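Heads up: the structure comes next, in structure tokens.
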Amino acid sequence: MAQRKQRPSSKSHPSKRNPGASEALQGYYMDSLGFQAMDINVPGLSHVILQKLNMKNYEDYRSAVDGRKPATDFGIHTYFDMFQKMEDTFKFCVECKKLPASLPNPRSLRRCKRCQNVYYCSSECQRANWSGHKKFCKKLKLAAIDRLVEWLVFTGDIPFPVNPWTKHISEVRSWEEWFCMQEHLEQKLGSIMTGHYMSLLWSNAGKPKPDDGELLESIKRLTSDFLSRPLTIGFGLNAFHVDTCTGPITVHVVGASHIETLNTRISDYDELAQMFPGNQGIEVVMVGPEVTDGPIMRPPLAAFGPRGKVYLSSFKGLYHDFWETLVESQQAARPNLVVGFHPGFHASQGLTEGWFPTLLLLRDYKIPSLFTMYNEQELRYSLQILMELETNITAHGINPFASLKLEQVQSNPNKQPVYSNSHYIMFYGLSGEDEGLNLGELEEKEDKDDDEA
Ligand SMILES: [Zn+2]
Ligand SMILES: [Zn+2]
């Protein structure tokens, strides 16, 4: 929930003053900014959310996200409780912003019947809001279904089992084509539809069950949301002509936070191995000060990983520290590709400066790099920053593997929706260097041939 309003200062230049500290704060900063933004739109909403999670304050929330404190049961004892508490965090009047507690009768809050998503304290407020809401009501209906069906990602129903790709990635240019490639797609979707958790979901959701067509589309959107990150990495590997078949390859995810690492299972990026049949092993290292503890918290590979498989690992710390301590000392491989999912470095001067050490390192070491954004405006601001840093931008545009799931701004739903990884920028080295992409040379240097001896 990063803020994306402010324009970056136009004269930004690498700052030498304490850049590490600002980067260290970045994840924390963005997250607490999200909480603040929430309270600016709907005063008190962040408290409601913390209260629903049985937490006293924002610090408690951070501790739980970081895994510093043993997870509590959040006071949730039944499935009905769980869905109810989640829905409660959406309960405020979209027009006058009142929370249930500040209404004479908290039960007077009513849901929009069409979208089953937003609430109103009175029919006056609903009428007053309609001119703004009608533009988004249809999309918010999908978002309301998705926020329930998303539970099936946690139960393991989504994504369905997949097979190795039968087409080269350059021939798969959209989700539609990706779904077409899936064998027995109807049976696979059907077994999610009729599964135990799907029926448990709708008997506890407290909302009418959507029709089958709507549910199928929701499953597809959530599948795309789950797989958007690995497919975007694959898209980048292909664009930079990284050869996965001649040797093991390494991808670093910079600025990884709890969004990428909380509850991440070691199999979550397996789709990458399916994308590149015949690969010699693909390692993905999550690097960032906000990386959370979990199954993927294990050291990066110093040598080769398992062939034909994806190996996930993490490093909790700043990227240039990771580089100095592990990459320079060859305890971790140099990356064939570096990816940043929504770094948000366009969002404010502080964040931009925090990212400088990383961006300059990537530029100066000529690491093929790919960053994603939530929308076109972010793309434009980010391009400007990267051009001011004189990076050699090799491509940018709409990501064919953007998530199809709408990101609803919880505290301000009547807003143009955004989608994860919707846009991308790729860069490589310094601009003005004549040769452009000399990838042949790069690949030779990067190959880890340790496993062949
Ligand atoms: Zn109202
Ligand atoms: Zn509506």
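Taking the UniProt record's numbering, I'd label the letters of the sequence shown as residues 1 to 453. All C-beta atoms in this analysis are idealised placements derived from N, C-alpha and C, irrespective of residue type, glycine included. Since we're looking at a predicted model, the values are computed, not measured.
Alpha carbons only, please: which of the options is nearest the one belonging to residue i?
i      : options                           : result
Ile296 : Arg265, His346 and Phe90          : Arg265
Asp39  : Met82, Tyr79 and Phe92            : Phe92
Gln280 : Glu214, Thr246, Asn263 and Arg298 : Thr246
Tyr428 : Asn336, Gln349 and Lys405         : Asn336
Gln116 : Met181, Pro210 and Ala101         : Pro210
His346 : Ser224, Glu376, Arg298 and Ile219 : Glu376
Ala101 : Gln182, Arg111 and Asp88          : Asp88
Val172 : Arg307, Glu433 and Pro400         : Pro400
Met193 : Lys220, Tyr269 and Cys180         : Lys220
Thr244 : Leu185, Gly308, Ser191 and Met181 : Gly308
Gly206 : Gln84, Glu324 and Val310          : Gln84
Gly317 : Asp293, Gln330 and Pro306         : Asp293
Assuming residue i contacts residue j (C-beta within less than 8 Å), just tell me the rounded distance between them.
i      : j      : result
Leu140 : Gln408 : 7 Å
Thr352 : Ile385 : 6 Å
Glu290 : Ser257 : 4 Å
Lys97  : Pro43  : 7 Å
Cys121 : Ser108 : 6 Å
Phe158 : Leu222 : The residue you asked about is not Phe; residue 158 is Ile in the sequence shown. Right, their Cβ atoms sit about 5 Å apart.
Leu404 : Trp175 : 6 Å
Glu283 : Thr250 : 5 Å
Taking just the CA atoms, how far does residue j sit from residue i?
i      : j      : result
Asn204 : Ala144 : 15 Å
Cys137 : Leu152 : 24 Å
Val338 : Met373 : 15 Å
Gln126 : Lys134 : 11 Å
Trp178 : Gln274 : 12 Å
Phe80  : Trp202 : 10 Å
Ser422 : Gly236 : 14 Å
Leu45  : His77  : 23 Å
Arg380 : Ile398 : 12 Å
Glu217 : Val149 : 11 Å
Met82  : Gly340 : 32 Å
Ala402 : Asp60  : 32 Å
Leu215 : Lys188 : 14 Å
Pro106 : Gly255 : 41 Å
Ile406 : Ile259 : A small correction: the amino acid at residue 406 is Leu; Ile does not occupy that position in the sequence shown. Each residue's alpha carbon lies about 16 Å from the other.
Gln182 : Ser191 : 15 Å
Gly213 : Asp364 : 50 Å
Gly344 : Val253 : 14 Å
Phe160 : Ser224 : 11 Å
Arg7   : His342 : Per-residue confidence for Arg7 stands at a pLDDT of 33, beneath the threshold of 50, marking its modelled position as unreliable; the derived number appears in the next sentence. Approximately 16 Å, taken between the alpha carbons.
Leu185 : Arg298 : 34 Å
Lys167 : Leu103 : 57 Å
Pro248 : Cys180 : 29 Å
Gly234 : Tyr269 : 10 Å
Phe371 : Glu378 : 11 Å
Glu95  : Pro208 : 24 Å
Trp355 : Gly305 : 30 Å
Asn263 : Glu124 : 43 Å
Arg147 : Glu433 : 47 Å
Tyr311 : Thr325 : 20 Å
Which partner residues of residue i appear in the DSSP bridge assignment?
i      : result
Cys93  : Tyr119
Val418 : Glu407
Thr250 : Glu283
Leu312 : Val284
Tyr374 : Note: Tyr374 sits in no beta bridge, so no partner.
Tyr365 : Per DSSP, none; premise fails for Tyr365.
Arg111 : Tyr119
Tyr381 : None; Tyr381 has no bridge partner.
Ala395 : Met426
Leu326 : Note: Leu326 sits in no beta bridge, so no partner.
Leu337 : Val251
Spatial neighbours of residue i within its chain, please: CB distance less than 6 Å, with the 5 preceding and 5 following residues excluded, ordered by chain position.
i      : result
His320 : Pro357 and Leu361
Glu271 : Leu227 and Pro230
Asn41  : Ser411 and Asn412
Pro368 : Phe240, Leu337 and Tyr428
Pro300 : Val285, Ser313 and Ala332
Val418 : Tyr374, Asn375 and Glu407
Phe322 : Val287 and Phe315
Phe276 : Thr244
Val162 : Gln274
Who are the Cβ neighbours of residue i in its own chain at under 8 Å, not counting the five residues just before and after it?
i      : result
Ser431 : Met387, Glu390, Thr391, Asn392 and Ile393
Ser170 : Asn238
Leu383 : Ile393, His396 and Ile425
Thr155 : Tyr197
Residue i CB to nearest chain C CB: under 8 Å?
i      : result
Gly317 : This model lacks chain C altogether; it includes just one protein chain.
Can you give me the Cβ contacts of residue i inside the same chain, cut-off strictly under 7 Å, excluding the 5 residues immediately before and after it?
i      : result
Arg110 : Tyr119 and Tyr120
Val327 : Arg334
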